[in-house]
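Going letter by letter, the sequence shown gives residues -31 to -1, 1 to 546 in mature numbering (1 follows the signal peptide of the UniProt record, and there is no 0).
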Amino acid sequence: MAFPSRRRRRSCSLHAILLFCFLFLIGLSFAEEASHDGDSPKFPGCDHPYNLVKVKNWANGVEGETFAGITARFGAFLPKEEKNSYRLTAVFSNPLNGCSPSSSKVLTTLSLAYVYFILLLIELILSHYFQGNLSGSIAMAVRGGCDFTTKAEVAQSGGAAALLVINDKEELAEMGCEKGTSAQDISIPAVLIPKSGGQSLNKSIVDGQKVELLFYAPARPPVDLSVIFLWIMAVGTVVCASVWSEIAASEETNERYNELSPKVNVHSYFLQETSNASAFKDDTEKEVIDINVKSAIVFVITASAFLLLLYFFMSSWFVWLLIVLFCIGGIEGMHNCITTVILRICRNCGRKKLNLPLFGETSLFSLLVLICCVVFATVWAINRQASYSWAGQDILGICLMITVLQVARLPNIKVATVLLCCAFVYDIFWVFVSPIIFHQSVMIAVARGDNSGGETIPMLLRIPRFADEWGGYDMIGFGDILFPGLLVSFAFRYDKANKKGIANGYFLWLTIGYGVGLFLTYLGLYLMDGHGQPALLYLVPCTLGLCILLGLVRGELKDLWHYSSEDASSRASSGLA
């Protein structure tokens, strides 16, 4: 059997290289941040955790949109269930910032200056709409003018049952205590809502409607069922990609069912040839990127630069560009996976050919599959904001990663060590160290899609939190599957080339190590109260570390370190001869 040269194995199509680089540059960390307990100072009486709050509202008895709010470091705790809370009338404080008690004695300021007279008239007009009896009501105040504890003390002195602060921005700010202040005497709950929520309530009150509010803070479950499904998807993707050569292999000779005319290279981006050769032939004749030490080191620099580009210039159009690229990669991945599986089952499906202008001779079956994949990706892109869009995103993402792991390969453990150690440092730096420089985690900010106009980066697997009343998603970045997946795929090829069994090989143990590493990632999220975690912090030791340890114990580390797939193929070829 003749084997292609190293040069041929490294000469890959431009689209494969771009796809590989693109995915690795945006291989984000497992960066789901469920906790809102920030780093604001804590004092006696001002040491409560920040909890998310559901703010239900009614205008003249008609229920409106439920707003999300956040509790303060001080004040009374809110009930966790709606049935244990109370529906109370909401009134605006007078003055609106809630920094001083309402009183008719303000009239004495008329003699101070004309400007005070103007301010009084404005306040009297506002009080016609906003001022009500605070006793037994929920006092609403706008942010600013004084600290949060002062607003709460003023509302409590006026007989209010709770305080609602309206933020001046579309975010949930932390209501802490100023140094030297005491909040031990504050016995009413305080909640902050975004600017848009306050504007909605203000409109109802100005229209003369009676507004009622109800606060409660449902607890988030420490572990959601979605974590199990996400774990299965991640581990399953790695295993499936590793054994894909066995799925694609056929006992028959190599036949190309969906190959387009080689004269039109740009269209071959989508319609890839589906090989049905034997295991060794399939491994050597298809396009493969052999990662080397230099490219592994360059990764850290390029990936960091790309991450900073996303961080500083994130916008809706930028995310849209990533969505388009994701769809292109997803279409190719789906096409590859579907044609490979179906042609493995029914080899005659691809025999019918068509002569198309520009395309030349192509397989009818492959063309139909391509059209279906384009329609699927287009429908997902149009409905990407829908509650069910996560399913389409995961399907496209899994197919894409399986294809990438067929194109990109680690030649030996030496390269794997350099690549995974670089990724290890990259992940930890941009999650844990970057806040020291940029005042927030760059990785988490990019994963959340800050400043993206409501759009989110699609390069991750996500699944809804089924048991969480707050909803949201558990997610894992492509990089946390691709990096360990490269090593697990190498282990499968190494075991196969050296005719190792399940127990004395490396594939099974590295797969178990990857699963354990993911479990430790979720455990870290739980112990760190939901703060975003760099998954590679756990995955690299559990995969690369385990592989090196097994190699040392078995005396095979030197062979693993300098292993060459070409040499293994040559030995196999000699054995077959």
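In this text, a Cβ means the ideal position worked out from N, Cα and C, and glycines have one as well.
Just so it is clear, the structure is predicted and the values come from calculations on it, not from any experiment.
**Message:** Assuming Val24 is part of the beta strand (DSSP E), what are its boundary residues?
**Reply:** Numbered from 1 along the sequence shown, position 55 holds the residue referred to as residue 24. Element bounds for Val24: 21 to 28.
**Message:** Tell me the residue span of the beta strand (DSSP E) that contains Val60.
**Reply:** Start at 1 with the first residue of the sequence shown, and residue 60 comes out as number 91. Taken as a continuous stretch (DSSP letters only), the beta strand (DSSP E) holding Val60 covers 57 to 61.
**Request:** Give the range of the alpha helix (DSSP H) segment to which Gly361 is assigned.
**Result:** One-based indexing of the sequence shown puts residue 361 at position 392. Counting along the chain, the alpha helix (DSSP H) containing Gly361 begins and ends at 358 to 376.
**Item:** Supposed close pair Trp530, Glu424 - CB separation, criterion 8 Å
**Value:** Mapped onto the sequence shown, residue 530 falls at position 561. Mapped onto the sequence shown, residue 424 falls at position 455. 44 Å between Cβ atoms; not a contact.
**Prompt:** Would DSSP call Leu529 helix, strand or coil?
**Reply:** In the sequence shown, residue 529 corresponds to position 560, counting from 1. Secondary structure at Leu529: helix, using DSSP grouped into helix, strand and coil.
**Message:** Could you pull the DSSP bridge partners for Arg42 from this structure?
**Reply:** Reading the sequence shown from its first residue, position 73 is the one you call residue 42. The partner list for Arg42 (beta bridge, DSSP) is empty, contrary to what the question assumes.
**Prompt:** Within 10 angstroms of its Cβ, does Gln168 collect 16 or more other Cβ (buried), or is it exposed?
**Reply:** Residue numbering aside, residue 168 sits at position 199 when the sequence shown is read from its first letter. With fewer than 16 other Cβ atoms within 10 Å, it is exposed.
**Item:** First and last residue of the uninterrupted alpha helix (DSSP H) at Glu122
**Value:** Here residue 122 corresponds to residue number 153 of the sequence shown, with the count starting at 1. Taken as a continuous stretch (DSSP letters only), the alpha helix (DSSP H) holding Glu122 covers 117 to 126.
**Request:** Let me know if Lys527 comes out buried or exposed under the rule of 16 or more other beta-carbons within 10 Å of its beta-carbon.
**Result:** Against the sequence shown, residue 527 aligns to sequence position 558. In summary, Lys527 is exposed, with fewer than 16 beta-carbon neighbours lying within 10 Å of its beta-carbon over all protein chains present.
**Prompt:** Start and end of the alpha helix (DSSP H) containing Asn171?
**Reply:** Against the sequence shown, residue 171 aligns to sequence position 202. Asn171: member of the alpha helix (DSSP H) spanning 164 to 175, first to last residue.
**Request:** Would you list the one or two residues that DSSP bridges to Leu279?
**Result:** One-based indexing of the sequence shown puts residue 279 at position 310. Beta-bridge pairing links Leu279 to no other residue.
**Message:** Please classify Leu496 as buried or exposed, where buried requires at least 16 neighbouring CB atoms within 10 angstroms.
**Reply:** For the purposes of this step, residue 496 is taken as the residue at position 527 of the sequence shown. The residue is exposed, with fewer than 16 neighbouring Cβ atoms inside 10 Å.
**Item:** Cross-strand partners of Ile445 (DSSP beta bridge)
**Value:** What you label residue 445 is simply residue 476 of the sequence shown in a count that begins at 1. Partner(s): Leu430.
**Asked** Quick one: is His408 buried, meaning 16 or more other Cβ sit within 10 Å of its Cβ, or exposed?
**Response** Taking the first residue of the sequence shown as 1, we reach residue 408 at position 439. Its Cβ having fewer than 16 others within 10 Å, His408 is exposed.
**Prompt:** So Leu103 and Ala124 are in contact, right, with Cβ under 8 Å, and what is the actual spacing, rounded?
**Reply:** Taking the first residue of the sequence shown as position 1, residue 103 is located at position 134. Taking the first residue of the sequence shown as position 1, residue 124 is located at position 155. With 8 Å as the limit, Leu103 and Ala124 qualify as a contact, their Cβ atoms being about 7 Å apart.
**Message:** Contact between the region 156 to 173 and the region 199 to 212 is defined here as three or more beta-carbon pairs at a separation below 8 Å; is this criterion met?
**Reply:** Short answer: they don't touch.
**Item:** Integer Cβ distance of Leu508 from Pro427, believed to fall under 8 Å
**Value:** Locating residue 508 in the sequence shown gives position 539, where the first residue counts as 1. Locating residue 427 in the sequence shown gives position 458, where the first residue counts as 1. Not a contact, Cβ separation roughly 22 Å.
**Request:** List the endpoints of the continuous alpha helix (DSSP H) containing Gly486.
**Result:** Within the sequence shown, residue 486 is the residue found at index 517, counting from 1. Annotation: the continuous alpha helix (DSSP H) that includes Gly486 extends over 476 to 496.
**Request:** Kindly confirm or deny that the region 101 to 121 and the region 27 to 40 touch, where touching means at least three C-beta pairs closer than 8 Å.
**Result:** Contact check between the region 101 to 121 and the region 27 to 40: fewer than three CB pairs, one atom from each, fall below 8 Å, which does not count as touching.
**Request:** Report all residues from its chain with a CB closer than 7 Å to the CB of Ile445; omit the five preceding and five following residues, and keep chain order.
**Result:** Against the sequence shown, residue 445 aligns to sequence position 476. Once the five neighbours on either side are set aside, the close Cβ partners of Ile445 are Phe(-2), Leu199, Ala203, Leu429, Leu430, Ala504.
**Message:** Classify Pro18: buried if its beta carbon has 16 or more other beta carbons within 10 angstroms, exposed otherwise.
**Reply:** Within the sequence shown, numbered from 1, the residue matching residue 18 stands at position 49. So Pro18 ends up on the exposed side.
**For Ile260, three-class secondary structure by DSSP** = As a working mapping, residue 260 is identified with position 291 in the sequence shown. DSSP places Ile260 in coil when its eight states are reduced to three.
**Request:** Go ahead and pull the three-state DSSP assignment for Glu51.
**Result:** By 1-based counting over the sequence shown, the position of residue 51 is 82. Taken through DSSP and simplified to helix, strand or coil, Glu51 comes out as helix.
**Asked** Buried or exposed: which applies to Gln354, given that a residue is buried once 16 or more other Cβ atoms fall within 10 Å of its Cβ?
**Response** Translated into the one-based positions of the sequence shown, residue 354 becomes position 385. Gln354 should be labelled exposed.
**Item:** Within 8 Å, strictly: CB atoms of Val24 and Phe36
**Value:** Position 55 of the sequence shown, counted from the start, is the residue given in the question as residue 24. Position 67 of the sequence shown, counted from the start, is the residue given in the question as residue 36. It is a contact, given that the beta carbons lie within the stated cut-off.
**Asked** Just how far apart, CA to CA, sit Ser284 and Lys321?
**Response** Stepping through the sequence shown from its first residue, residue 284 is reached at position 315. Stepping through the sequence shown from its first residue, residue 321 is reached at position 352. Distance between the alpha carbons of Ser284 and Lys321 is about 46 Å.
**the region 324 to 331 in contact with the region 389 to 405 per 3-pair CB rule at 8 Å** = As far as the Cβ criterion goes, the region 324 to 331 does not touch the region 389 to 405, which means the pair count is below three.
**Prompt:** How about Ile432 and Asp443: are their beta carbons less than 8 Å apart?
**Reply:** As a working note, residue 432 is residue 463 in the sequence shown. As a working note, residue 443 is residue 474 in the sequence shown. Cβ atoms of Ile432 and Asp443: closer than 8 Å.
**Message:** Restricting to Cα atoms, I'd like to know which of Leu161, Val196, Pro48, Phe12 is closest to Arg434.
**Reply:** For the purposes of this step, residue 434 is identified with residue 465 of the sequence shown, where counting begins at 1. Comparing Cα positions, the closest option is Val196.
**Candidates Ile481, Gln375, Ala416, of which the one nearest Val212 by Cα** = Residue numbering aside, residue 212 sits at position 243 when the sequence shown is read from its first letter. Residue Gln375 is the option with its Cα nearest to Val212.
**Request:** Could you please give the first and the last residue of the uninterrupted beta strand (DSSP E) stretch that includes Asn324?
**Result:** Here residue 324 refers to the residue found at position 355 when the sequence shown is read from its first residue. Segment 322 to 325, the beta strand (DSSP E) holding Asn324.
**Message:** Taking the straight line between their C-alpha atoms, what separation do you get for Cys511 and Leu518?
**Reply:** Counting from 1 along the sequence shown, the entry for residue 511 is found at position 542. Counting from 1 along the sequence shown, the entry for residue 518 is found at position 549. Cys511 and Leu518 have their C-alpha atoms some 10 Å from each other.
**Prompt:** At a cut of 8 Å, does the region 370 to 385 reach the region 299 to 310 through at least three beta carbon pairs?
**Reply:** Look at the beta carbons and you see the region 370 to 385 touching the region 299 to 310: at least three pairs across the two are nearer than 8 Å.
**From Leu47, Val522, Phe61, Asn53, residue whose alpha carbon lies closest to that of Ser156** = Position 187 of the sequence shown, counted from the start, is the residue given in the question as residue 156. Ranked by how close their Cα comes to the Cα of Ser156, the residues Leu47, Val522, Phe61, Asn53 have Leu47 in first place.
**Prompt:** Is the distance from the Cβ of Lys120 to the Cβ of Cys68 below 8 Å?
**Reply:** Here residue 120 refers to the residue found at position 151 of the sequence shown. Here residue 68 refers to the residue found at position 99 of the sequence shown. It is a contact, given that the beta carbons lie within the stated cut-off.
**Item:** Exposure label - Asp464; buried when at least 16 CB within 10 Å
**Value:** Residue mapping note: residue 464 aligns to position 495 of the sequence shown, counting from 1. The Cβ neighbour count for Asp464, taken over all protein chains shown within 10 Å, is at least 16; the residue is labelled buried.
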